[in-house]
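Working notes, beginning with the structure itself.
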Amino acid sequence: MNKLFEKLQPYLEKSMALQTARNLFDWDDQTAAPFEAADYTSKVIGILSDEYMKSLINDDVRKLLKKLQDEKEQEELDEKEKAIVKELAKIYEQLESVPPEEYRAFNELTSVSSRKWAKAKKDNRYEDYAPYLGKIIDYKKKFAGYRVKGDKKPYEVLLSDFEECFLIKELDEFFEQVKEEIIPLLKEVAKKADTIDKSYNYLNYDIDKQREFCKFLAGYVGFDFSRGVIAESEHPFTTNLHNHDVRITDRYMENNLESGMFSMIHESGHALYEMNIDDDLTQTLVGTGASMGMHESQSRFYENILGRSSDFWEPIYEKLVSTYPENLSNISLEHFIKGINKAAPSLIRTEADELSYCIHIIIRYEIEKMIFADEVTVDELPKVWNQKYQEYMGITPTTDTEGILQDVHWSFGEFGYFPSYAVGTAVASQLYACMKSKMPLEEYLKAGNLNPIKEFLRDSIHKHGAVKNTNQLLKDVCGEEFRAEYYINYLKEKYTKLYNL
Ligand code: ZN
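Quick note, the sequence shown lines up with residues 16 to 516 if you use our numbering.
Laid out in structure tokens, this is it:
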């Protein structure tokens, strides 16, 4: 190990421990903590955040980092050390720009506001949440303003935190292509939506049985229960303490069979990524997924590309039917596959089908762009939201609960996150095209053998953690950087066939 880098180690270890503690609190807050805990626990989280910041932002680390960024020193670092230094420099840029008292206040605010959001969503009262959202936006504008350089826009600073390969120019290009090709396709499909009967999905499905079947699904795609746990939360998510402790949540709805199943496959895709990170990288700054976009590519690859294919269900459909014979014994596999791929304009992003999903993201992206360009006020947001749904989807939410209040992200201050869902979805299609040329993917699925798929993703993507970025990974695996065409072609092919267009 490089001598200078070695001196950095104790600081990195301490910050890692504090970050792990914060992650654990975050997990607990959303799964087990009682409702009234938030205001008090936020004090603890505030102090931990403060300590985390001090462990990294101090004169010793600053000096070491400066030396390590020196060209001569860089030559002596190995790939992993170089990536860690790069990541540290990025964190420095993020954290050092924010005065500590503002950073702490912001963390306390988001800890409270996520609870306020949950209540406002439940009560359909945007006005109760709006003051908190307003404060979060003010902080994010201020924080982005501290970091903005050259002719970059404040919103790009936020985007780059989640996916460095996709800023406004790349996203605008990608989304224009999607709007041009997919909105007309969605309209065609919508006309024929009634040809698929999906009423079976909304019958009564016992929650205990759902829990059990979803657990089976997680294991089926490769979730390792000796290194991971499953819990329940309002909004399914994945968190990890390190590659031997990866946690996912799900949410089960009595009158919706698909919701819990596909959320489970989705989160399992995230979990596989984290579990397969190299032991040498875990608990370092690059011991996690390459980016939010890359992470979503894995979850959505499992959820949609594999999980909604007939080949995936062929070996296990019988098991699902026998779990709910009263609801499914008359539903053939072919019918079920049509059902789980039924597409139509919709209001709720997390329940959206593959075809309309990206439109949900485009709406959020365009609104976030407006927020950070000061083109919309907090009070106007519900109206703008509803207008965009009318414009792109042809439908308008009747309540804010199914409109602007539906997503948790903004209540944590996560602006710039949504586009990575779309990027990930598109990356998944590109990976799929490339994997099909390298392995008999369909045969593996039909045989119920998902191991070779997991191993391929582990070796080509997962184990590298954040040492490489999205485009580098794609180039190494597929021989070319990101191209939106794979995604658009995938959707066109799939839905043209499904709906006989
Ligand atoms: Zn996800």
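In this text, a Cβ means the ideal position worked out from N, Cα and C, and glycines have one as well.
- Contact between Leu-63 and Ala-36 holds: their C-beta atoms lie close to 6 angstroms from each other, under 8 angstroms.
- Proximity to Glu-227 across Glu-66, Thr-338, Thr-254 peaks at Thr-338, based on C-alpha coordinates.
- Judged by DSSP in its simplified three-state form, Leu-465 adopts coil rather than helix or strand.
- For the options Glu-196, Leu-300, Leu-321, the alpha carbon positioned closest to that of Lys-451 is the one of Leu-321.
- Around the beta carbon of Lys-334, fewer than 16 other beta carbons sit within 10 angstroms, so the residue counts as exposed.
- By the C-beta density criterion, Met-68 is buried, having at least 16 other C-beta atoms within 10 angstroms.
- With a cutoff of 7 angstroms, Ser-57 does not count as near ligand 1, since its C-beta is closer than that to no heavy atom of the ligand.
- In the three-state reduction of the DSSP assignment, Ile-245 falls in the strand class.
- The shortest C-alpha to C-alpha distance from Ile-374 to any of Val-244, Ala-359, Ala-305 is the one to Ala-359.
- For the pair of segments examined, the segment 73 to 85 was found not to touch the segment 37 to 57: the number of CB pairs separated by less than 8 angstroms stays below three.
- Under the 8 angstroms Cβ criterion, the segment 244 to 251 counts as touching the segment 36 to 54, having at least three qualifying pairs.
- Look at the segment 116 to 197 and you find these whole runs of alpha helix (DSSP H), each 4 residues long or longer: 141 to 162, 169 to 177.
- Rounded to the nearest angstrom, the Cβ distance from Tyr-317 to Val-261 is 14 angstroms, too far for a contact under 8 angstroms.
- In this structure, Ser-274 has its beta carbon at no less than 7 angstroms from each heavy atom of ligand 1.
- If the five residues before and after Thr-416 are omitted, its C-beta is found closer than 6 angstroms to the C-beta atoms of Lys-136, Asn-139, all from its own chain and listed in chain order.
- Ranked by Cα distance from Phe-277, the first of Val-172, Gly-431, Gly-354, Ser-112 is Gly-354.
- Per DSSP, Arg-315 lies in no beta strand (DSSP E) segment; the continuous alpha helix (DSSP H) that holds it begins and ends at 307 to 315.
- Leu-489 sits close to Glu-495, with the two beta carbons spaced by under 8 angstroms.
- Take the alpha-carbon of Glu-195 and the one of Glu-188: they are about 11 angstroms apart.
- The set of residues whose C-beta lies within less than 6 angstroms of a heavy atom of ligand 1 reads, in chain order, His-281, His-285, Glu-311, Ser-314.
- Residues Phe-190, Val-193, Lys-194, Tyr-407, Ala-437 of the same chain have their beta carbon placed closer than 8 angstroms to that of Ile-377, with the five preceding and five following residues left out of the count.
- When beta bridges are read from the DSSP output, Arg-262 appears opposite Val-244, Thr-254.
- Burial of Pro-434 is indicated by the presence of at least 16 other C-beta atoms within 10 angstroms of its C-beta.
- Assignment of Met-268 by DSSP, reduced to helix, strand and coil, places it in the strand class.
- Of the other Cβ atoms in all chains shown, fewer than 16 fall within 10 Å of the Cβ of Met-16; this residue is therefore exposed.
- The segment 445 to 462 makes no contact with the segment 161 to 179; the number of CB pairs closer than 8 angstroms stays below 3.
- If you ignore the 5 residues before and after Phe-427, its C-beta comes within less than 7 angstroms of the C-beta of Thr-125, Ser-129, all in its own chain and listed in chain order.
- In the three-state DSSP reduction, Leu-218 falls in the coil class, being neither helix nor strand.
- Taking the CA atoms as reference points, His-477 sits about 42 angstroms from Glu-142.
- By the Cβ rule, the segment 282 to 293 counts as touching the segment 463 to 477, because three or more pairs are nearer than 8 angstroms.
- For Tyr-514, the secondary structure class from DSSP, reduced to helix, strand or coil, is coil.
- Collapsing the DSSP output to three states places Arg-323 in coil.
- Annotation: Gly-480 to Glu-311 spans about 14 angstroms, alpha carbon to alpha carbon.
- When the five nearest sequence neighbours on each side are left out, the beta carbons in the same chain lying within less than 6 angstroms of the beta carbon of Trp-400 are those of Gly-418, Ile-419, in order along the chain.
- The three-state reading of DSSP puts Ser-444 in helix, counting H, G and I together.
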